[in-house]
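>
Number of protein chains: 2
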Amino acid sequence: MKPKINFETYPEIYNHWELKFEKNTAFLIMKVDEDKGFFEGYKLKLNSYDIGVDIELSDAVQRLRFEHPQISSIIIKSGNEKAFCAGANIKMLASSDHAHKVNFCKFTNETRNFLENSSKEASQFFICLVEGVCAGGGYELALACDHIILLDDGSSSISLPEVPLLAVLPGTGGLTRLTDKRKIRRDLADVFCTMEEGVKAKKAKEWRLVDTITKKTALNDELNSLIKNKSCNKNQNENLVGVQLNNLQKNTVSNEEIKYSTLSVQIDREKKSATITINASLEDAPENLSEILSQGDDFWLLKCARELDDTILNLRFNELEIGIIVFKTSGDISKVLSYDKLFETYKNFWLMNEISYFWTRVFKRIDLTSRTLITLIEPNSCYAGFLSELIFAADRSYMAEGEFEEYDNKKATIILSKSNFGNFLMSNNMSRLDTRFIGLPEQILLVKQNLEKQILAEEANDLGLITFMFDDIDWEDEIRIFLEERSSFSPDSMVGMESNLRFPGKETMETKIFGRLSAWQNWIFQRPSAVGENGALKKYGTGNKGQYTKERT
Amino acid sequence: MKPKINFETYPEIYNHWELKFEKNTAFLIMKVDEDKGFFEGYKLKLNSYDIGVDIELSDAVQRLRFEHPQISSIIIKSGNEKAFCAGANIKMLASSDHAHKVNFCKFTNETRNFLENSSKEASQFFICLVEGVCAGGGYELALACDHIILLDDGSSSISLPEVPLLAVLPGTGGLTRLTDKRKIRRDLADVFCTMEEGVKAKKAKEWRLVDTITKKTALNDELNSLIKNKSCNKNQNENLVGVQLNNLQKNTVSNEEIKYSTLSVQIDREKKSATITINASLEDAPENLSEILSQGDDFWLLKCARELDDTILNLRFNELEIGIIVFKTSGDISKVLSYDKLFETYKNFWLMNEISYFWTRVFKRIDLTSRTLITLIEPNSCYAGFLSELIFAADRSYMAEGEFEEYDNKKATIILSKSNFGNFLMSNNMSRLDTRFIGLPEQILLVKQNLEKQILAEEANDLGLITFMFDDIDWEDEIRIFLEERSSFSPDSMVGMESNLRFPGKETMETKIFGRLSAWQNWIFQRPSAVGENGALKKYGTGNKGQYTKERT
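Those protein sequences? They're chains A and B, same order as listed. So in the working numbering, spot 134 of the first sequence is number 141, and the numbers just go up one at a time. So in the working numbering, spot 201 of the second sequence is number 208, and the numbers just go up one at a time.
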């Protein structure tokens, strides 16, 4: 049995990265320990990576934002002179099952998107210094940075060699960054993506694949000038003191139950569903900034985001047969609303800003989770402001209508706030409400008239905020019937359907990475030319070439 | 061996459709002959369709535009009272190989896009009258029309039952029309797409899945009022006389060579490439409208579009192992330019307009053809105006530099015209030049300065119009080496790579249908839950349900 994947780590125990600081600059140094692959059976040669390497990168980017807000420039480089990074490890890919390949690519891209947004969101500017081989996913990492420096030393090179070498698409993401971020001319991109050997400094600059090329002797000056330039933008943050992210309070009660401090997860293996209940039994919201700061990572809005993120990743990677995620909340809705208001009140304060972006990432991660997402709005629920995003992230939401005996005749309510109108944008750069009402934009105005009001089921239904409402008599049966029906459907058709229905209208680089490019990659990851016994992924490193089916489709 | 697919037909020999006229209204009646399936082994029950049915539909839409420009309303309905259309035939899908499924879905969608654009492009308004079952691809056809009427008779219904019944995505296209054309709320779309039985009149209207519901007794009034409304817009066309589309002049010389009147196709099975040479040995361009009209379907601009379209479809469906299409042209470039100018001179004349839209469709069909596309610009080439689109549609273009002995020391040239700046938009609604220079929009201005000038290789290279140039000494070797290398790559990785590189930036409903949704469908079409021995497609109609792999990816 494969080991469960744990997404928690911290710099002191990193195997593959080193995080160093010099004044307002951080150095994120990739030094992959080839003997510490996450799974058995491969060596992480030449700074190639697997999920273990990527979890550390993701952790580092997160800590830079929360623990080191004073940092304005981050230099990503290699601790291995021969290779910046050889990309995703091929033997790992070849030996992984389809679901892991897909999940791995998705997580990797989420991390790159996160890193990519740091300069805009937190004035943390990423400089990628490429020395040696930078291939496939390695160049993807470079592409995610704000500035790429390629050494002009006659040997350092960048490449996306997957097509000729492995018969798969470049890294699931890099190709979209080529077309949509760097906007490389399509025929040059074609040439670049079919060259095993890639390109060196001169051509890389000419084709706009890197930002700067420089001789090694001039490198320090180049770096210093870039850093100086960028840190000017962030002088005001120089004296910020970060918030330490301690280990999560996570209690794995059984194989079917995990309790965190702010939520619990209950798995029903027969129904193939997991219920995530956010327990908002809250103290009063902090009344000022110093109170928020003194709470540190114990501050509910931060703690809950971290725990929810961990939960989603755990379900994605470790619970492949759980096809449905049911979201529930329980607690005092007015208290949740008062927490929610902190987003607005302190929006100019770096920490609230970071927490808001973190929730944006968590909600995006939910949107991109290929499980059926259901939100239940019950009498004891507390969907106020940001938590209501779970209603709009869901494929369907069910709301309790009228009084429920079990809950002392309380009625279910929803409260919307400013948070729901642009704070937590989806990957398509639209709010979930704008996405929901793409066909009836006038509906948004009606919904806005109910800001901060308690919305009961019937009204929520009229406003189009929920999918169905059921009363006390029908509630349990209807939910049960739905869950049973849903888990009788083909998981693959659910994946395809949900990926399409969740993203109507406009596309962005992010949605294209996950919706267009990934779908092609998933297809290729099923095809004999790539993954068959004689496919390129299997044959890589054996001295034999992959054998390809000849037909075009 | 499967029969070759022939894309030529005409109403008198249709098996499955009837095209009738009443004043300015056409009736396109679907009456599928269940015994005339294109392949063996299935019956086309309940107006279900296969490629044969779709070829006739495509032909009918084309003839409506060219032969019947006076028509302002088209009513699509069924000649079978029980069923409007049950969608794509399941047994046909289950027994088709992967490539045919993919090609079939693509062609079907191209036809629907074509039909869909008729109201905007030619004021031909499509009304879909749904009586009886309208399922899957049947509802997709309805979705492509401008107005859907569903009979409110207690039994007529619309549905997208593919997910629950067949474990595949709704018809490869319909799902995107649901989200991006009709903009159905995502959770209602989720409900609709998971209901085997679909919805009847009341709910269909409430969810905005149809435009009008009507009792049978009120149907005629409803139709008449719609027709009256729409035909007002087109009164000026009432007296137009169409151009008859006669059979193509096509001479299949051998299994490797086809000669049309304006182009020839040469297949090299070893190199896995097909060379399409447009032979523009032209008479002088017509000098006025009556000359164009009198030439009818013999008019070069029309004839060449029809022949090229037929060629591309033939290669797509009948030559699956031919992975590379090489475009060449030969002829007098100044004559081609004078033909090209007719697009501008007579842009307000319905026939030139139709021919221009036809070329738009042909070029789009080329963009969407999953073969490597290469354009060679040689000393005897005649890439002027619209024909230069072949340079920008290609994945790469190679231009001859300097004098070539073989061609009496002539030099290769390109001439651009207004045609290249917005006449022939891609599916992304951008011109090919705008798509090409998405990263360097200022380049467009430089290119525009060379309008109607003869551009030689070096200048074309500087302007970024071509990928590579080679002189007389290197030309043949370089092309040969490239073709050999390209055909050594995995065809699947080429499909994925090209589909992504050709469509950087903005997406539209059309690009999402072909790039996002189709990729998911292709993936599903590879997965055991759909196509395995016990998959839903194979088990359909046996009384047993499909068996699904349980893991989510």
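Note that beta-carbon positions come from the ideal geometry of N, C-alpha and C, so glycine has one too.
1) Could you spell out where the alpha helix (DSSP H) holding threonine 382(A) opens and where it closes?
2) Using beta carbons (cut-off 8 angstroms, strictly below), is aspartate 347(A) in contact with chain B?
3) Does DSSP put methionine 476(B) in a helix, in a strand, or in coil?
4) Can you tell me where the beta strand (DSSP E) with lysine 188(B) in it begins and where it stops?
5) With distances taken between CB atoms, is the gap from leucine 308(B) to glutamate 15(B) smaller than 8 angstroms?
6) Using a Cβ cut-off of 8 angstroms, which residues of the region 35-49 of chain B contact any Cβ in chain A, in chain order?
7) With a cut-off of 8 angstroms on the beta carbons, I'd call leucine 157(B) and isoleucine 82(B) a contact; round off their distance for me.
8) Rounding to the nearest angstrom, what Cα-Cα distance links isoleucine 7(A) and serine 341(A) in this structure?
9) From asparagine 284(B) to glycine 512(A), what distance separates their C-alpha atoms?
10) Counting C-beta neighbours from all protein chains within 10 Å, is the total for aspartate 316(B) 16 or more, i.e. buried, or is it exposed?
11) Report buried or exposed for leucine 150(A), applying the criterion of at least 16 other Cβ atoms within 10 angstroms of its Cβ.
12) Please list the partners that valine 502(A) has in chain B, where partner means a Cβ-to-Cβ separation under 7 angstroms.
13) Going along chain A, which residues have a C-beta under 9 angstroms from serine 377(B)?
14) In whole angstroms, what separates the C-alpha of aspartate 57(A) from that of threonine 518(B)?
15) Against chain A, does alanine 419(B) count as a neighbour if the rule is that its beta carbon must be under 8 angstroms from one of theirs?
16) Exposed or buried, which one is proline 10(B) when buried takes at least 16 other CB atoms within 10 Å?
17) Let me know the secondary structure DSSP gives tyrosine 56(B) once reduced to three states.
18) Counting C-beta neighbours from all protein chains within 10 Å, is the total for glutamate 167(A) 16 or more, i.e. buried, or is it exposed?
19) Which first and last residues belong to the beta strand (DSSP E) in which phenylalanine 114(A) is found?
20) With 7 angstroms as the limit, tell me which residues of the region 85-119 of chain A have their beta carbon closer than that to any beta carbon of chain B; keep them in chain order.
21) Kindly indicate which residue of Arg493(A), Lys279(A), Asp218(A), Gln302(A) has the alpha-carbon position closest to the one of methionine 202(B).
22) Between arginine 215(B) and valine 198(A), which are expected to be in contact by the criterion C-beta below 8 angstroms, what is the C-beta distance as a whole number of angstroms?
23) Starting from lysine 190(A), find everything on chain B with Cβ-Cβ shorter than 7 angstroms and list it in chain order.
24) State the Cα-Cα distance for the pair aspartate 160(A) and phenylalanine 91(A), rounded to the nearest angstrom.
25) Taking the alpha carbon of leucine 195(B) as the point to measure from, which residue in Glu290(A), Leu508(A), Asn457(A), Glu514(A) has its own alpha carbon closest?
26) Tell me, to the nearest whole angstrom, how far the beta carbon of proline 177(B) is from that of cysteine 200(B); I am working on the premise that it is less than 8 angstroms.
27) Assign valine 170(A) to buried or exposed, taking buried as 16 or more other Cβ atoms, counted over all protein chains shown, within 10 Å of its Cβ.
28) DSSP state of aspartate 275(B), grouped into three classes?
29) In chain B, which residues lie less than 8 angstroms from tyrosine 555(A) when you measure between Cβ atoms?
30) Taking only three categories from DSSP, how would you classify glutamine 251(B)?
31) Using the beta-carbon of each residue, which ones in chain A are nearer than 9 angstroms to threonine 259(B)?
32) Among the candidates Ile165(A), Phe334(A), Phe121(A), Thr442(A), whose CA atom is the shortest distance from the CA of glycine 139(A)?
33) Round the Cβ separation of serine 130(A) and serine 79(A) to the nearest angstrom and send it over; I've been treating them as touching at under 8 angstroms.
34) So is cysteine 200(B) in contact with chain A if we call contact Cβ pairs under 8 angstroms?
35) From what residue to what residue does the beta strand (DSSP E) around valine 260(A) run?
36) Buried or exposed, going by whether 16 or more other CB atoms sit within 10 Å of the CB of threonine 580(B)?
The answer reads as follows:
1) Where threonine 382(A) is concerned, there is no enclosing alpha helix (DSSP H), although the beta strand (DSSP E) it sits in stretches over 379-384.
2) Closer than 8 angstroms: no.
3) Strand at methionine 476(B).
4) Note, lysine 188(B): premise wrong, no beta strand (DSSP E); not H, not E.
5) No.
6) Within the region 35-49 of chain B, no residue places its CB atom closer than 8 angstroms to a CB of chain A.
7) Their Cβ separation, rounded to whole angstroms, is 14 angstroms, which puts leucine 157(B) and isoleucine 82(B) out of contact at 8 angstroms.
8) Residue 7(A) lies beyond the stretch modelled for chain A, which goes from 8 to 560, so this question has no answer here.
9) Per the sequence shown, the amino acid found at residue 284(B) is threonine instead of asparagine. Roughly 39 angstroms between the two C-alpha positions.
10) Result: buried.
11) By the 10 Å Cβ count, leucine 150(A) comes out buried.
12) The contacting residues are Arg559, Thr560.
13) Under the 9 angstroms cutoff, chain A gives Arg559, Thr560.
14) Note on geometry: alpha-carbon atoms of aspartate 57(A) and threonine 518(B) lie some 33 angstroms from one another.
15) Contacts with chain A at 8 angstroms (Cβ-Cβ) do not include alanine 419(B).
16) Its Cβ having fewer than 16 others within 10 Å, proline 10(B) is exposed.
17) In the three-state reduction of the DSSP assignment, tyrosine 56(B) falls in the strand class.
18) Note on identity: in this sequence residue 167(A) is leucine, with glutamate being the wrong assignment. Label assigned to leucine 167(A): buried.
19) Annotation: phenylalanine 114(A) is outside any beta strand (DSSP E); the continuous alpha helix (DSSP H) that includes it extends over 105-129.
20) Residues His105, Ala106, Val109.
21) Nearest C-alpha to methionine 202(B): Arg493(A).
22) Not confirmed; about 46 angstroms, so no contact.
23) The contacting residues are Ile445, Gly446, Pro511.
24) If I take the Cα positions, the gap works out to 14 angstroms.
25) For the options Glu290(A), Leu508(A), Asn457(A), Glu514(A), the alpha carbon positioned closest to that of leucine 195(B) is the one of Leu508(A).
26) Confirmed, Cβ separation roughly 6 angstroms.
27) Around the C-beta of valine 170(A), 16 or more other C-beta atoms lie within 10 Å, and the residue is accordingly described as buried.
28) Here DSSP, grouped into helix, strand and coil, assigns aspartate 275(B) to strand.
29) Near tyrosine 555(A) (Cβ distances below 8 angstroms), the residues of chain B are Phe496, Ser497, Pro498, Asp499.
30) Coil at glutamine 251(B), not helix or strand.
31) Within chain A, no residue comes near threonine 259(B); the closest Cβ sits about 21 angstroms away, beyond 9 angstroms.
32) That would be Ile165(A), whose Cα lies nearest to the Cα of glycine 139(A).
33) Going by Cβ atoms, the distance from serine 130(A) to serine 79(A) rounds to 6 angstroms, so yes, they are a contact pair.
34) A Cβ of chain A is located within less than 8 angstroms of the beta carbon of cysteine 200(B).
35) Residues 257-261.
36) A question about residue 580(B) goes unanswered here, because the residues of chain B that appear run from 8 up to 560.
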